[in-house]
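Chemist: Right, I'll just put the structure down here and ask away after.
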Amino acid sequence: MSLAFLALALVCVVTASAAMISRNLIHSALLLVLTWIGLAGLYLWAGADFVGFSQAIVYVGGVSMVVLFAVLLTRRQRDEPLVLIPEAGVGRVVAGLAATFWVAALLVPAMVVAPLVQRAGPGPTLTVKRIGELLAGPHLVAVLVVGVILTVSLIGALYLAAPVTAEDQPEWDNGGTGRDRGNQEEPS
Amino acid sequence: MIGKGLLQGLAVTARNLVGSYHDPDRYTTIEYPEVKPALPEAYRNFPFLVAEKAEDPLGTLRCVACQICEKECPPQCIYIVMDRDEKGKARMKPKVFDIDTSVCMSCQICVEVCPFDAIKMDQVFEIATDERFNALLLHRDQLAKTNTYFHQIHPTEAAEVDARLAAEKKAAEEKAKAAAAAKAASAKPAPAAPANPTPPPAPAP
Amino acid sequence: MSPLHLCLLLSTVLFCIGLAAVLVRTSAILVLLGVELMLNAANLNFIAFWRYGPGGDDTGVIFVLFSIAVAAAEAAVGLALVIALHRHRRTIALKAANQLRG
Amino acid sequence: MTTTSVPSSESWLEVAPLQARDALLGLLPESLHWIASSVLAIAVLVGAFGLMFAYLTLAERKLLGRIQNRPGPNRTGWAGLLQPFADAVKALTKEDIVPRDADKVLHALAPVSLVALSLIGLAVIPFGRHLVAIELDAAVLYFFAAGAATELSIFMAGWASRNKYSLLAAMRALAQLISYEVPLLLSVVPVVLVAGTLSTTAIVAAQGGWAAGFWPHWHVLTPWGFSAFCLFMIAALAESNRSPFDLPEAESELIAGHLTEYSGFKYALFFMAEYFGMAALSAMAVTLFLGGWQAPLGWLEVLPSYVWFAAKLLALLAGFIWIRATFPRLRIDQLTRLAWKFLVPMALLNLANAAFWSLTAGWSGPLQAVRWAVSLAAVVVPFLLLSRSLFSGLGPRVYRYAPS
């Protein structure tokens, strides 16, 4: 089973790093989808089926779609490749990588030497029914709060993405209601 | 309501599905190579030459090789050579009559201009061949078809043509008879004159 | 090295990849993707501790579920921001987003 | 297939597949059983659905032909029965063309991943009383997680082709998925709510038995279930890119959408994936709403359960074809409008309806009639109101040149 873990971990790390250094946004998004699938596989490997499938539905089915849509909507002419090192910011790249390295250097040794209490033997089992009971019982308030957050963020996203002023509107949109226009006579 | 039109549409297609199994008005497809389509009488595509007798189609062609159709043909797909005897005298029938069906545009002008009703439009549409040049160039013997066949494919037109030809022939004969009688009456003692200076438009041989 | 340590190491690596992307890349969408990756690394930690931790509590899994839900909301809002930025400045480079009034 | 022991009290037809599997596994050493049983399940699934795909294409062409008053393919083999294989030979021998500017890797990856993703959902469908490839606690969730990625493949195909029509198709595929994934999932939630489980086998088992001896406990035969079934099938039509929601491959506007730059075997793979996806969603609909492998009447159980499942599945697939033959394609704005203004509200109200239904499970006698009446009203009234609001502001169409 550890072999499966190593394979999934390899998939995650390779695709994630490839996604983050890719010069093509679409490739980044699709590689990151692979990372998310690998993470879902890791959750399944750990025995958290429900979380794994949720991860697949939300990330692969939802977030990736939104990301790809955003990429397509904000696409530049002829998919020119992104710049890896911005012309003004070699310093920024160096600083960013240094900060990352600093965080890694802080975390990894601490993690390796940490005396973690570990369970031996098979992992805990968690049925869907139990998750449902937990969500509807002790965590009900959190569920409601998350629901509110999702609603608010949906409305907020709609507000942000909707055209606000006249010059924001694309030329082809003449401000109609989106209903049948042009090909319809006045009702008699 | 949103569902009514959808259900109506589904009912229409369902009726078609069921009806196609028992209702010949709905199921109108003809399975072509096995079942030949019944062509309408007015259907016409390429020309053919009308011959009088089935046993000798080339000998009884109505065509006199006058070459009017050859001159009129817009895409110039007709090629005619007059048959001549040893002395070079015309025999009033074609030695060569070729129609290149790869060029023919089925305009029917040859039929319109023919004074002898010798060329008519055919109904043969299965003309696919495996060779592009010679196979589509139809010769005299391929083009010659009997008047009976013409009656089969275009009965109305054929009957009208036959009636006209018969009337013309009869008129010509009567005229010839009258002329002969008059000549006989007026110039009895005179020696034999050319009996028939103008040949009737009916086929010579 | 125990499986728990491996999991934590993996999540650290993923977190650092995400962090590097956030700090270095200039495209707003890539920065958002980096943030998503960091969130995912954190989720992996929760699952790892649920699986190998002392046990008795399933809160880790529940927390990951909430985290996924919130991450979805974050992605929606973030990408709406990116689209708004693109509409105003015709670019999605982050250095274009330097004005309070668009 | 799961390694349950073969029960002895059932008819031999019912257990024949299990016995065949055990006989085959008996030929192998014990240590290989776990992998052999998985490989066998995969082989049977791919084989059965591959054959079904082949004949579904033929059935579709025949049905479409009959609906359009023509016979459909009837030349290859007796009554055209060899047509699918002739098509396969043709597809396999065609040249595989990849555009010069295409993203070669994604271009090749898209059809393969699409077929794979369309197939893996079938693993959790209970095809018969004992026939389910993997039993999962969260099987319904697994199914939709597997299905969620299919439009990603369509996007990959459209984007990698470097063709503006394909790219438009990719955008449309994304918009369609975002719009229709929501009602698809929301229409499943009532079933999960009433059955109280995410496991497909348990959902089918909950639909066993008959009320008053003849009325099966299938979910489709309740007001909320019928509504959810209709919503699910509409969303499934959109998810599988079938007419009238086949905007990503709208051949009259986008040439063939994401399929424009595909030929030969890759095109055949896309075609195959469309049918696999359609079959998987139909199989899920059968499982969730039509009682799965349950027979409609008690005495009809002489036929084995998988025959009933196949019959229901084929009926739904025929429905897909019938709908394709009938309805014209929607416009993209009509498509999203239908999803957000009709399907999603209906599905949400239906969720409340199902909650009412499961709360009142104990009612009996005259209260049962009240329960049915309330539930029915909770379907009909929103339907009338929503369908009216969907067309509000649109007068009757007047055509200048067509006779009214």
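First to last, the sequence lines map onto chains A, B, C and D.
Whatever position you read off the first sequence (first residue = 1), add 1 for the working numbering.
Whatever position you read off the second sequence (first residue = 1), add 3 for the working numbering.
Whatever position you read off the third sequence (first residue = 1), add 1 for the working numbering.
Whatever position you read off the fourth sequence (first residue = 1), add 53 for the working numbering.
Each residue gets a CB set at the ideal place from its N, CA and C atoms; glycine is no exception.
For clarity, every value in this text was computed on a predicted model and none was experimentally measured.
Put Gly-6 of chain B into one of helix, strand or coil per three-state DSSP.
Modeler: helix
Chemist: Excluding five sequence neighbours on each side, which residues of the same chain lie with their C-beta closer than 7 angstroms to the C-beta of Glu-314 of chain D?
Modeler: Pro-152, Ala-155, Ser-214, Asn-216, Ser-219
Chemist: For Gly-418 of chain D and Ala-430 of chain D, I'd like the C-alpha separation in whole angstroms.
Modeler: Cα to Cα, Gly-418 of chain D sits roughly 19 angstroms from Ala-430 of chain D.
Chemist: Going along the chain, which residues of the segment 108-134 of chain D sit with their C-beta nearer than 9 angstroms to a C-beta in chain B?
Modeler: Leu-116, Gly-118, Arg-119, Ile-120, Gln-121, Asn-122, Arg-123, Pro-124, Asn-127
Chemist: Who are the neighbours of Glu-137 of chain B on chain D, taking C-beta pairs under 9 angstroms?
Modeler: Note on residue identity: the sequence assigns Asn, not Glu, to residue 137 of chain B. Near Asn-137 of chain B there are no residues of chain D at all, since even the closest Cβ is about 31 angstroms away, more than 9 angstroms.
Chemist: For the segment 31-49 of chain A, which residues have a beta carbon sitting closer than 9 angstroms to at least one beta carbon of chain D?
Modeler: The residues in question are Leu-31, Val-34, Ile-38, Ala-41.
Chemist: Measuring alpha carbon to alpha carbon, tell me which of D:Gly-200, D:Leu-396, D:Asp-75, D:Glu-67 ends up nearest Ser-293 of chain D.
Modeler: D:Gly-200
Chemist: Heavy atom of the ligand FAD less than 7 angstroms from the Cβ of Leu-194 of chain D, yes or no?
Modeler: The ligand FAD is not part of the structure shown, which contains no ligands of any sort.
Chemist: Measure the C-alpha to C-alpha separation of Lys-186 of chain B and Glu-177 of chain B and round it to an integer number of angstroms.
Modeler: 14 angstroms
Chemist: Are the C-beta of Trp-375 of chain D and some C-beta of chain B separated by less than 8 angstroms?
Modeler: Yes, Trp-375 of chain D counts as interfacial toward chain B.
Chemist: Taking a Cβ distance cut-off of 8 angstroms, strictly less, list which residues of the segment 389-409 of chain D are near chain B, in chain order.
Modeler: Those residues of the segment 389-409 of chain D that come within reach of chain B (Cβ to Cβ, closer than 8 angstroms) are Phe-395.
Chemist: Taking C-beta to C-beta, are Ala-332 of chain D and Leu-370 of chain D nearer than 8 angstroms?
Modeler: yes
Chemist: Any idea which residues DSSP pairs Ala-98 of chain C with across the strands?
Modeler: Answer is none; Ala-98 of chain C lacks a bridge partner.
Chemist: Grab the span of the alpha helix (DSSP H) containing Thr-389 of chain D for me, first residue to last.
Modeler: 385-391
Chemist: So, does the CB of Thr-275 of chain D fall closer than 8 angstroms to a CB anywhere in chain B?
Modeler: no
Chemist: Name the two residues that bound the continuous alpha helix (DSSP H) containing Asp-140 of chain D.
Modeler: 136-146
Chemist: What first and last residue would you give for the beta strand (DSSP E) that runs through Ala-93 of chain B?
Modeler: 93-103
Chemist: Anything in chain A within Cβ reach of Asp-190 of chain D, meaning under 7 angstroms, just list it in chain order.
Modeler: Asp-50, Thr-128, Val-129
Chemist: In the DSSP assignment, find the beta strand (DSSP E) that holds Tyr-452 of chain D and state where it starts and stops.
Modeler: Per DSSP, Tyr-452 of chain D belongs to no beta strand (DSSP E) and is neither H nor E.
Chemist: How about Lys-319 of chain D and Pro-70 of chain D: are their beta carbons less than 8 angstroms apart?
Modeler: no
Chemist: Under the three-state reduction of DSSP, which class applies to Lys-90 of chain B: helix, strand or coil?
Modeler: Three-state DSSP puts Lys-90 of chain B in coil, outside helix and strand.
Chemist: Is Thr-340 of chain D close to chain B? Criterion is C-beta to C-beta, closer than 8 angstroms.
Modeler: no
Chemist: Would you list the residues sitting across from Tyr-82 of chain B in a DSSP beta bridge?
Modeler: B:Asp-101
Chemist: Quick one: grab the DSSP three-state call for Ser-109 of chain B.
Modeler: coil
Chemist: Could you check whether the Cβ of Gly-62 of chain A sits closer than 8 angstroms to any Cβ belonging to chain D?
Modeler: yes
Chemist: Should Phe-285 of chain D be flagged as near chain B, meaning a C-beta pair shorter than 8 angstroms?
Modeler: no
Chemist: Buried or exposed: which applies to Gly-177 of chain A, given that a residue is buried once 16 or more other Cβ atoms fall within 10 Å of its Cβ?
Modeler: Residue placement at Gly-177 of chain A cannot be trusted, given a pLDDT of 44 that sits under 50; what the coordinates show is reported in the next sentence. Gly-177 of chain A is exposed by the Cβ-count criterion.
Chemist: At least one CB of chain A closer than 8 angstroms to the CB of Phe-298 of chain D: is that the case?
Modeler: no
Chemist: Mapping the DSSP letters down to three states, classify Trp-185 of chain D as helix, strand or coil.
Modeler: A quick correction: the sequence has Val, not Trp, at residue 185 of chain D. Three-state result, Val-185 of chain D: coil.
Chemist: Quick one, which of D:Pro-297, D:Ala-248, D:Val-68, D:Glu-113 has its alpha-carbon nearest Leu-391 of chain D's?
Modeler: For the residues D:Pro-297, D:Ala-248, D:Val-68, D:Glu-113, the minimum Cα distance to Leu-391 of chain D belongs to D:Pro-297.
Chemist: Near Phe-395 of chain D, which residues of its chain fall below 8 angstroms by C-beta distance, leaving aside the five closest residues on each side in sequence?
Modeler: Leu-439, Ser-440, Leu-443
Chemist: Is it a yes or a no for the segment 40-52 of chain B touching the segment 119-133 of chain B, going by three-plus beta-carbon pairs under 8 angstroms?
Modeler: yes
Chemist: Across the segment 247-260 of chain D and the segment 178-197 of chain D, are there enough close Cβ pairs to call them in contact, namely three or more that are closer than 8 angstroms?
Modeler: Yes: the two stretches touch, three or more of their Cβ pairs being nearer than 8 angstroms.
Chemist: Could you say if the segment 129-143 of chain B and the segment 98-110 of chain B meet the contact criterion of at least three C-beta pairs nearer than 8 angstroms?
Modeler: yes
Chemist: Just confirm the distance between the C-beta atoms of Val-193 of chain D and Val-245 of chain D, as a whole number of angstroms; I'd bet it's less than 8 angstroms.
Modeler: 6 angstroms
Chemist: Are Val-64 of chain A and Ala-202 of chain D close, meaning C-beta to C-beta below 8 angstroms?
Modeler: no
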